Structure formats: structure tokens, C-alpha cells
């Protein structure tokens, strides 16, 4: 018979010499060189355990000892030897007691009358392996707990059905300002902007495959009422057959504000340069062409009839160049820079593109917009977004109708640009610089840029700008 040659340290706590001898025989039948220590009562077992420099692999415990027995013996032995698996050896067949013992932490409950070498050996091996797995699991849970609670990034776990927080770390408490107790009485929706709750609820209810990490950028509300932007990394987890979500949140408010400052500085430099070029074209080049046109008119009496067609041709070309440069200067330097309204600037923009020659234009400016003190910066960026989309429509859409609506409702400015052109597949169309620029301009003001299009169904672009989140409004009306 092949014996197990691993080194096992076994403590047998048994006051019956015959039973102890039998246990030793069973152990040596299956194990090559077991190290077996013997105690006849609880006091002696306690001394052996406390004095031992090397931990035991297993403790075999008789349930009835001269100085202690039953549940009191089990409780004290578990406390004394918490790191070692304990197997009870008893002559009493009490199923309920055996179940309670295992629930307390006993690894196995063996009847002496049914005991043999095979049963005892298997119980020892299984108990040792189970103890090892439990220890590894506890260590893993400790590492996770340390990672969770000591992470510098906010982390939380919430119930996928009720959205209720079930665990938050210190960084979350520090960022949002709520106590742990407050968080555990809240749901995820309590830190979201009200207008974002419906979309967030729908996204959470359809998370996709378990274990996959989803990244998104959200706006959250702190206890103080401050609005922050956070990058969310969300993954589905299952605990005790129940769905939860584990979240890491990175506060990117300052980063985005810094990026926006840089973007605004770049855009301002570009706009200043455009305005300078537009003004130069309008004030200088147009004047030169206008003077040339006047001079050509003066030459009519000095040109022969045979050459008159050349003069007329020069006059027409000069007028065409003058009109084109005027249109270009207006596009470079929008009209509202000269105290015109945004609505008038839009109308002028349609004219500079000669849009009405290709499509019917429907422009609606709600009274709420006309009365609202929009900052010049917002007006200019709305103008550039419309300008960019008009280029796209004229170049690609083959539209016969273009509709532009601008309205303010619940402190949200919405500009919608719709055409009835050929449309496109949003999933396959190449995203160019134009779309990226429009999106970037909307996001400068914490806005949302959305595209709705499909082949044969035209295209709609929607820009939503939350005016109550913008602090740089001026008193100048658009």
C-alpha cells in the first residue's frame, strides 16, 4: 500500500486510551510518518497548543473530556486553535448537534463506531484543503478590501435593481461630501443631474456582458450642490447570485476645465485672426475692387464698340469677385460683431452660402432666445456650428429643405439643424474634423452634441447647452 509521505502534525485530544490507540493505527495506515501528539483533557490540549512553536495541521477532538465537553468545549477549542481545522470524534449520534458544530466552524463530525482508516484520512485531507481555500479566500477578500478602501480613486458598489449603494470607500466620501451612513441610505440617482436620470437608468438596466468594463463621462452632484464631471468605469459583478455593479469614478472636472481654457484660447486666437482677415478683405480688398469697378465704368466712352464686350466682361468679373469677397468677409467676421443679433447673423450666413438657391430655408428663433442675454462667446460658437453644418449639407446632403430652430426651455438652449437630404449611417460614416469641431464647441459650455441620421432619412443635429451651468454670461443680448 502506498502511504502519503507528506509531513502531518496531528493533535489527538482523547481521554480513552483504546480510542487513541485506534486513531493512531488508522493514521499510520495511511500516512507514512505522522507526528502525533496526545492530550487527555482540555487543559493539557491548551498547554500543548500554546507551547507549540509549529502549528498543527489537524486536531482530532473527542467531544466528551473529563474537564470540558459539548458546545462549551467546541467554542473554546475553536477560539484556542482558530488557525487549525478541527475534526470531532464522538460516539454520540446527534445530527442536530453535528450540524450546529459545523456551522460554528468545526470541519467534520465523525462517529467512532463508523470510523476506519480511509474515512479518517479523507476527512483530514479534505479539512486541510478546505482550510487552505478558506484562508486564501479570506486573504483575497482582505486584499480586495484594502484595495477598495485605501484606493485614492472613489469606488462604490450598488445594487443593479434598486440602484442603492451597498459599499463606498473613503475617497468617495471625501469627494461627494456624504457620510458612509448617508450613502447607504441613497441610490445612485441621488448624485446624478435630474435631466440625466432617465438616460442613466436605461443604460444601467442594459449593461451588456458580465465582467466587461464600460467607460462613460457623467456629471454628478455633490452634497454641496457643486456639479462635477467624472469618468466612470462600470462593471457587472455577481455576489450570492445577485447582480451588482462595481464602479471606479475619476474626477476630471479640473482637467476638463483646463482643457476648455486651452481650447477657448485657441478658438479665440483663430476668431481674432479670422476677424482681422475678414475686416481686411472687406475694408481694403473690397474697396480696391469697388474703385476698379468705378474706373471700368469711366472707360466706356473710350473703348471702341468692337472691344466693348471685353470691358463688360471685366466689369462682370469684378462684380463677381466683389460679391464673393464680401460673402467671405461676412463668414470670417460674423455680422453680430457689429451689434447685429444672432438671428440676423444666421440670415446673413444663409445669404453668403447662397443656400436659398439650392434649398428652402426655415429659420425659427424663439422669443425666449431673443430676450436671453447670451454671451458673445456662445453666439459665436453657435454661428460656427451652423456654418460647419451648412457646409456639410451643401456638400453631401442634396437637401431641398433646411430647418433651423433655436429655443430656450428650462434653462437649456437647444439649437436643432435638420435637413431632408440623403442622410448617412452613423456607424459607418467617417467622423471628420467638422463633426469633431462642432462637438468640441458644444462641450465648451458643458453642452451635448447629438446626431440623428440614417440613409434616406436626412440628418438632424441637436445642440443642448445648460445655461444655468455657465458663469460667463454677459448682459449683452443676442
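Numbering (the numbering used here), first residue to last: 217 to 694.
Quick reminder that beta carbons are idealized off the backbone N, C-alpha and C, glycines included.
Quick caveat, the model's predicted, so the values are computed rather than measured.
Measuring from the CB of residue i, is there a heavy atom of the ligand NAP at a distance below 7 Å?
i           : result
residue 365 : With respect to the ligand NAP, the structure shown offers nothing to examine, as it has no ligands at all.
May I ask you to report which of helix, strand or coil DSSP gives residue i?
i           : result
residue 405 : helix
residue 285 : strand
residue 614 : coil
residue 680 : strand
residue 365 : helix
residue 218 : coil
residue 432 : strand
residue 691 : Low confidence applies here, because residue 691 scores a pLDDT of 34, under 50, leaving its location unreliable and the question unanswered by this model.
residue 658 : helix
residue 574 : coil
residue 533 : helix
residue 295 : helix
residue 621 : strand
residue 379 : coil
residue 675 : strand
residue 480 : helix
residue 629 : strand
residue 337 : helix
residue 277 : strand
residue 251 : strand
residue 634 : strand
residue 324 : strand
residue 600 : helix
residue 520 : coil
residue 309 : coil
Quick one, which of the options has its alpha-carbon nearest residue i's?
i           : options            : result
residue 373 : 343, 448, 521      : 448
residue 371 : 561, 292, 384, 470 : 384
residue 222 : 228, 237, 249      : 249
residue 682 : 634, 630, 655      : 630
residue 593 : 657, 261, 525, 620 : 657
residue 397 : 404, 381, 406, 405 : 381
residue 252 : 228, 455, 258, 628 : 228
residue 417 : 439, 461, 401, 442 : 461
residue 246 : 563, 489, 600, 341 : 341
residue 300 : 268, 285, 316      : 268
residue 511 : 522, 534, 520, 491 : 534
residue 242 : 632, 352, 395, 328 : 328
residue 337 : 348, 254, 240      : 240
residue 291 : 266, 270, 317, 274 : 317
residue 600 : 618, 566, 502      : 566
residue 636 : 625, 628, 627, 576 : 576
Which two residues bound the contiguous beta strand (DSSP E) that contains residue i?
i           : result
residue 590 : It is not in any beta strand (DSSP E) - residue 590 carries neither H nor E in the DSSP assignment.
residue 236 : That residue, residue 236, is in no beta strand (DSSP E); its alpha helix (DSSP H) goes 233–246.
residue 458 : 458–467
residue 513 : That residue, residue 513, is in no beta strand (DSSP E); its alpha helix (DSSP H) goes 502–514.
residue 668 : 664–669
residue 450 : 443–455
Report buried or exposed for residue i, applying the criterion of at least 16 other Cβ atoms within 10 angstroms of its Cβ.
i           : result
residue 230 : buried
residue 687 : Any reading at residue 687 needs caution, since the residue's pLDDT is 48, under 50, leaving its predicted position unreliable; the model's value is listed next. By the 10 Å Cβ count, residue 687 comes out exposed.
residue 616 : exposed
residue 590 : buried
residue 353 : exposed
residue 298 : exposed
residue 320 : exposed
residue 351 : exposed
residue 598 : buried
residue 561 : buried
Hey, could you find the ends of the alpha helix (DSSP H) residue i is sitting in?
i           : result
residue 392 : 386–392
residue 230 : Here residue 230 belongs to no alpha helix (DSSP H), and DSSP marks it neither H nor E.
residue 331 : Segment: none, residue 331 is in no alpha helix (DSSP H) and carries neither H nor E.
residue 568 : 558–568
residue 396 : 396–399
residue 266 : 258–267
Check whether the stretch 576–583 and the stretch 596–605 are in contact - that is, three or more C-beta pairs closer than 8 Å.
no
For the stretch 664–678 against the stretch 605–621, do three or more pairs of beta-carbon atoms, one drawn from each stretch, fall closer than 8 Å, so that the two count as touching?
yes
Taking 8 Å as the threshold, find out whether the stretch 381–400 comes into contact with the stretch 352–361 through three or more Cβ pairs.
no
Do the stretch 465–480 and the stretch 374–382 make contact, defined as three or more Cβ pairs closer than 8 Å?
no
The stretch 486–500 / the stretch 401–412 touching (three or more Cβ pairs under 8 Å):
no
The stretch 662–671 / the stretch 634–643 touching (three or more Cβ pairs under 8 Å):
yes
Determine contact between the stretch 585–592 and the stretch 565–572, defined as no fewer than three beta-carbon pairs at a distance below 8 Å.
no
Does the structure place the stretch 324–337 close enough to the stretch 250–270 that three or more beta carbon pairs sit under 8 Å?
no
Inter-stretch contact at 8 Å, needing at least 3 Cβ pairs: the stretch 278–291 / the stretch 304–324:
yes
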